[in-house]
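Asks:
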Amino acid sequence: MRTHAVSVLAGDGIGPEVMPEALAVLDDAVAPHGIRFEWHEQPWGSEYYRRHGRMMPTDAIETMAATDAVFLGAVGHPSVSDVETLWGMLIPIRREFDQYVNLRPVRSFAGISSSLAGDPEIDLVIVRENVEGEYSEVGGRAYRGTPHEAAYQQALFTRFGVQRIARYAVDRARERSGRLVSATKSNGIIHTMPFWDEIVAEVVARDGAELELESVLIDALAARMVRAPRSLDVIVASNLFGDILSDLAAGAVGSIGIAPSANLNPERAFPSMFEPVHGSAPDIAGRGIANPIGQIWAGAMMLDHLGYPQIAAQVEAAFTAVIGAGVVTPDLGGSASTAEVGAAVRAALA
Ligand code: NAI
Ligand code: MG
Numbered sequence: 001m002r003t004h005a006v007s008v009l010a011g012d013g014i015g016p017e018v019m020p021e022a023l024a025v026l027d028d029a030v031a032p033h034g035i036r037f038e039w040h041e042q043p044w045g046s047e048y049y050r051r052h053g054r055m056m057p058t059d060a061i062e063t064m065a066a067t068d069a070v071f072l073g074a075v076g077h078p079s080v081s082d083v084e085t086l087w088g089m090l091i092p093i094r095r096e097f098d099q100y101v102n103l104r105p106v107r108s109f110a111g112i113s114s115s116l117a118g119d120p121e122i123d124l125v126i127v128r129e130n131v132e133g134e135y136s137e138v139g140g141r142a143y144r145g146t147p148h149e150a151a152y153q154q155a156l157f158t159r160f161g162v163q164r165i166a167r168y169a170v171d172r173a174r175e176r177s178g179r180l181v182s183a184t185k186s187n188g189i190i191h192t193m194p195f196w197d198e199i200v201a202e203v204v205a206r207d208g209a210e211l212e213l214e215s216v217l218i219d220a221l222a223a224r225m226v227r228a229p230r231s232l233d234v235i236v237a238s239n240l241f242g243d244i245l246s247d248l249a250a251g252a253v254g255s256i257g258i259a260p261s262a263n264l265n266p267e268r269a270f271p272s273m274f275e276p277v278h279g280s281a282p283d284i285a286g287r288g289i290a291n292p293i294g295q296i297w298a299g300a301m302m303l304d305h306l307g308y309p310q311i312a313a314q315v316e317a318a319f320t321a322v323i324g325a326g327v328v329t330p331d332l333g334g335s336a337s338t339a340e341v342g343a344a345v346r347a348a349l350a
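The numbering of the sequence shown is UniProt numbering, which starts it at 1 and goes up by one.
#1: For the ligand NAI, is there a heavy atom less than 7 Å away from the beta-carbon of G294?
#2: For P350, which three-state DSSP category applies?
#3: So does the region 203-220 actually touch the region 99-111, counting three or more Cβ pairs closer than 8 Å?
#4: Within 10 angstroms of its Cβ, does T184 collect 16 or more other Cβ (buried), or is it exposed?
#5: Quick test of the definition: if touching needs 3 or more C-beta pairs under 8 Å, does the region 131-139 touch the region 109-116?
#6: Looking only at C-alpha atoms, which of D12, E62, V30 and I122 sits nearest to H77?
#7: So the beta strand (DSSP E) W39 belongs to, where does it begin and stop?
#8: Let me confirm a value: D243 is counted as buried when at least 16 other C-beta atoms fall within 10 Å, else exposed. Which label applies?
#9: With which residues is F241 paired in a DSSP beta bridge?
#10: So, at 7 Å on beta carbons, what are the nonlocal neighbours of I189 in its own chain, with the 5 sequence-adjacent residues on each side left out?
#11: Considering only C-alpha positions, which residue in the set Q163, D27, I289 and P330 is nearest to G15?
#12: So what does D123 bridge to, in DSSP terms?
#13: Work out the CA separation of H278 and V226 for me, nearest whole Å.
#14: So, under 8 Å CB-CB, L240 and E134 are touching, yes? Tell me the CB distance rounded to an integer number of Å.
#15: Enumerate in chain order the residues of its own chain whose CB-to-CB distance from S238 is below 6 Å, with the five nearest sequence positions on each side excluded.
#16: In angstroms, rounded to a whole number, what distance separates the CA positions of E175 and F37?
#17: Hey, quick one: how far does the alpha helix (DSSP H) through M89 stretch, first residue to last?
#18: Is L26 helix, strand or coil when you go by DSSP?
#19: How many angstroms separate the CA atom of A74 from the CA atom of P260?
#20: For the ligand NAI, is there a heavy atom less than 7 Å away from the beta-carbon of L23?
#21: Please state the DSSP three-state secondary structure of L221.
#22: Between F157, G161, M64 and W87, which lies nearest to residue 360 when the distance is taken from Cα to Cα?
#23: Measure the beta-carbon distance from V162 to V200 and round it to whole angstroms, keeping in mind my assumption that it falls under 8 Å.
#24: Determine, using beta carbons only, whether F97 and P266 come nearer to each other than 8 Å.
#25: By the 10 Å Cβ neighbour count, where 16 or more other Cβ atoms means buried, how is A169 classified, buried or exposed?
#26: For V203, which of V315, V236, G53 and A222 has the nearest alpha-carbon?
#27: Helix, strand or coil, according to DSSP, for I235 in the structure here?
#28: Which same chain residues, not among the five before or five after Q153, have their C-beta less than 6 Å away from its C-beta?
#29: Who are the near neighbours of R50 in its chain, counting only those whose CB is closer than 8 Å to its CB and skipping five residues on each side?
#30: In angstroms with no decimal places, state the Cα-to-Cα distance between F160 and A269.
#31: Please tell me whether M55 and E84 are closer than 8 Å, where the distance is taken between their beta carbons.
#32: Going by DSSP, what residues sit across from N102 in a beta bridge?
Pasting the structure below:
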């Protein structure tokens, strides 16, 4: 019996609703293979914040470091500022564990029509830089409270940081179609983006000379995502561009409720973190209608990362079949509950 300890942070809103479904699916998926998960469930998030004045305890990072992976639901509550929830929990985990890759697969499903013309079949991955770039702590406010008040925020790109995300994207492109698109804006952002372009081109020339590399301006790339998504396969992008592009892609193919993401430390010096793309959805929380597929798919990505790509593929096949059969939650036009979708995925696995 192989055991994997996983830190489970169900979090806020619909997080605690979709998480149990994913845990049950993962338990069922690994059981026949002599593998067992040990779920270390932590009560961290906005409720914890109300009682303790912080999103998670001071030793949270050490506690999680002793486990093989972090499985996160969602954080965010109308009563706590998003700056607090994001910078008190998600960002510290991503940065302390050097999860510099945010990997977001996007694909279309039979049974869900996309909002794109012609409803094309889509299958692409976005490799988003996850720890630097535009989401930096460098900046501040000046002349507070005066008519001259000003705010500035400094994007921060390091050679080391761009090199390693480009290298990761090169590896993914080599495994897939051999095509790599790099998102840029070197015509408008004239310092950091030419630097990004230069380093991506260097890495591709050295480690992926056989790849077809295209550098595309982010505005044109957004339009292309909508007009010709099948011309895209692996996209490497900075923190901000990757964030926006992946929500655009996920939204276009159906519901944000199915999209997963992995925050990876490819060197495995620290645990990686797996989470759905969606947030805590306070507008539907407590009603048992949240779509659990994003959480379940994130769980499949965790299986893959832990060394079980075949079991991950079985889980993906199971929820793909369930979506195809029309057992879906209201965000996808169905009438199934969160628990019914979870049960259907487990049945499809068996
Ligand atoms: P959201 O993703 O929570 O919701 C956006 C819309 O999508 C809502 O109408 C919601 O009902 C729907 N939706 C989201 N997930 C769904 C699911 N699984 N099934 C069915 N419908 C679903 O984004 P929003 O409203 O901008 O943010 C709400 C809170 O979540 C905020 O506090 C925000 O900061 C936080 N947030 C947290 C994230 C995380 O934990 N990684 C990511 C995004 C937002
Ligand atoms: Mg986002």
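Think of the CB as a built atom: it goes at the ideal place given N, C-alpha and C, for glycine as much as any other residue.
Replies: Answer, in terms of the structure:
#1: yes
#2: It is worth fixing the name first, because residue 350 is Ala in this sequence and not Pro. Coil at A350, not helix or strand.
#3: no
#4: buried
#5: no
#6: D12
#7: I35 to E41
#8: buried
#9: In the DSSP output, where bridge partners are listed per residue, F241 has none listed.
#10: none
#11: I289
#12: R107
#13: 20 Å
#14: 4 Å
#15: E129 and G133
#16: 29 Å
#17: Looking at the DSSP string, M89 is not in any alpha helix (DSSP H), and its letter there is neither H nor E.
#18: helix
#19: 12 Å
#20: no
#21: helix
#22: Past the edges of the chain, shown from 1 to 350, lies residue 360, and the structure says nothing about it.
#23: 7 Å
#24: no
#25: buried
#26: V236
#27: strand
#28: G139
#29: S79 and V80
#30: 17 Å
#31: yes
#32: R128 and N263
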